[in-house]
Amino acid sequence: MMRAVRADFACGLGLLTRLPTGWLRADGTTMSMARSSWTWPLVGALIGLVGGAAMEALRAFGLSPPVAALCALCVQTLLTGGLHEDGLADVADGFGGGRDRERKLAIMRDSRIGSYGALALVLTTMLRASAIAAIPADRVLAALVLASAASRGALPLVMTLLPPAREDGLGRSVGKPPVFVVAFGLAAPLAFLLCTPNPFHELVSWAASIAATGAVTLQARRQIGGYTGDTLGASVIVSESMNLVSESAQLFR
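Numbering-wise, full-length UniProt numbering puts 80 at position 80 of the sequence shown, and it's gapless, one number per residue.
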């Protein structure tokens, strides 16, 4: 049992971050990306924790909230290797510049970035940094943990609702996550938010995150008839952005 858990965490960390995972690997245990997707919200929480800790430390050193927020996003991007940002840029270029399904998928595979992708990266980075800077200091750590966990925890549901868009892409090789994985991905952030001082506020932010994931999922279905690794990455960034915007809303303070 523990060998399988270690293998799942090694797979999840290896996929979503640049952290070394050799010490977690269990020899002889088969690694399954679909099975290991139950770890994604936990890995997301770790990413948010690192970003939140960086934000707290930089503010303690006297940096202004906007500068500290942008630096915290830089730390998170270094930790993930820009995986999700790359997916967002590819999706923006493909959906914005392709005339048909095949052309959109071809553009998404092109390693070069276009104007739509550049705009998407700049706008979402500005949006997230501004939202983080506006969140009260006593809530920013929890907000980043929840946003990162919720955005990644919803991905197994997307992989269940949509078929892979390509025959040779990530989705085809991964397969559909088990039902318990989908349930855990949604429940783990909910369990976390119940432990916060203002669970209603966090619940609203979680709902905003799920709604954003749903919007990206519907768009992927309409544009290319399924999901790819790029659309999953785009979903993470859009979902995280909406979560943080909700967290920063004055209405719930």
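We put the beta carbon where it would ideally sit given N, CA and C, even for glycine.
Note that this is a predicted model, so its numbers are computed, not measured.
Could you check where the alpha helix (DSSP H) with residue i kicks off and where it finishes?
i, result
"phenylalanine 95", "83–97"
"serine 32", "Here serine 32 belongs to no alpha helix (DSSP H), and DSSP marks it neither H nor E."
"cysteine 11", "2–16"
"cysteine 195", "Looking at the DSSP string, cysteine 195 is not in any alpha helix (DSSP H), and its letter there is neither H nor E."
"residue 259", "With the chain covering only 1 through 253, there is no way to say anything about residue 259."
"glycine 175", "No alpha helix (DSSP H) contains glycine 175, which DSSP labels as neither H nor E."
"tryptophan 40", "40–60"
"serine 64", "That residue, serine 64, is in no alpha helix (DSSP H); it is neither H nor E in DSSP."
"glutamate 167", "No alpha helix (DSSP H) holds glutamate 167; DSSP gives it neither H nor E."
"leucine 244", "229–248"
"arginine 112", "Counting along the chain, arginine 112 falls outside any alpha helix (DSSP H), and DSSP gives it neither H nor E."
"proline 20", "Segment: none, proline 20 is in no alpha helix (DSSP H) and carries neither H nor E."
"leucine 157", "155–161"
If you count every other CB in all the chains shown that lies within 10 Å of the CB of residue i, and 16 or more means buried, which is it?
i, result
"aspartate 100", "exposed"
"methionine 2", "exposed"
"aspartate 110", "exposed"
"valine 179", "exposed"
"serine 64", "exposed"
"valine 238", "buried"
"arginine 139", "buried"
"valine 122", "exposed"
"leucine 78", "exposed"
"proline 41", "buried"
"glycine 22", "exposed"
"phenylalanine 184", "buried"
Looking at residue i: is its Cβ nearer than 8 Å to the Cβ of residue j?
i, j, result
"proline 197", "leucine 146", "no"
"serine 37", "leucine 144", "no"
"alanine 162", "glycine 98", "Residue identity check: residue 162 is leucine in the sequence provided, not alanine. No, they are not a contact pair."
"alanine 149", "alanine 45", "yes"
"glutamate 247", "alanine 131", "yes"
"leucine 16", "threonine 80", "yes"
"alanine 92", "tyrosine 116", "yes"
"threonine 124", "serine 209", "no"
"alanine 118", "leucine 73", "no"
"valine 236", "histidine 84", "yes"
Give me, in chain order, the residues of the same chain whose beta-carbon lies closer than 6 Å to that of residue i; leave out the 5 immediate sequence neighbours on both sides.
i, result
"methionine 108", "Asp90, Gly94, Asp230"
"residue 316", "The question about residue 316 has no answer here: the residues shown for the chain are numbered 1 through 253."
"cysteine 71", "Leu58"
"glycine 175", "Ala34"
"alanine 133", "Pro65, Pro66, Ala69"
"cysteine 195", "none"
Does the beta carbon of residue i come closer than 8 Å to any beta carbon on chain D?
i, result
"glycine 226", "This model lacks chain D altogether; it includes just one protein chain."
Check the C-beta distance from residue i over to residue j and give it rounded, since I have them as a contact under 8 Å.
i, j, result
"glycine 51", "valine 75", "6 Å"
"alanine 165", "isoleucine 224", "4 Å"
"leucine 127", "glycine 153", "Going by Cβ atoms, the distance from leucine 127 to glycine 153 rounds to 21 Å, so no, they are not a contact pair."
"alanine 234", "glycine 87", "5 Å"
"residue 255", "threonine 39", "The structure shown has nothing for residue 255, since the chain only spans 1 to 253."
Between residue i and the rest of its own chain, which residues show a CB-CB distance below 7 Å, the 5 nearest in sequence each way excluded?
i, result
"aspartate 168", "none"
"alanine 120", "Leu88, Ala89, Ala92"
"proline 177", "Ala34, Ser37, Pro156, Met159, Thr160"
Near residue i, which residues of its chain fall below 8 Å by C-beta distance, leaving aside the five closest residues on each side in sequence?
i, result
"leucine 105", "Gly94, Gly98, Ala165, Arg166, Ile224, Thr228"
"tryptophan 206", "Leu146, Ala150, Pro189, Leu190, Leu193, Asn243"
"serine 173", "Met33"
"isoleucine 135", "Ala143, Leu244, Glu247, Ser248"
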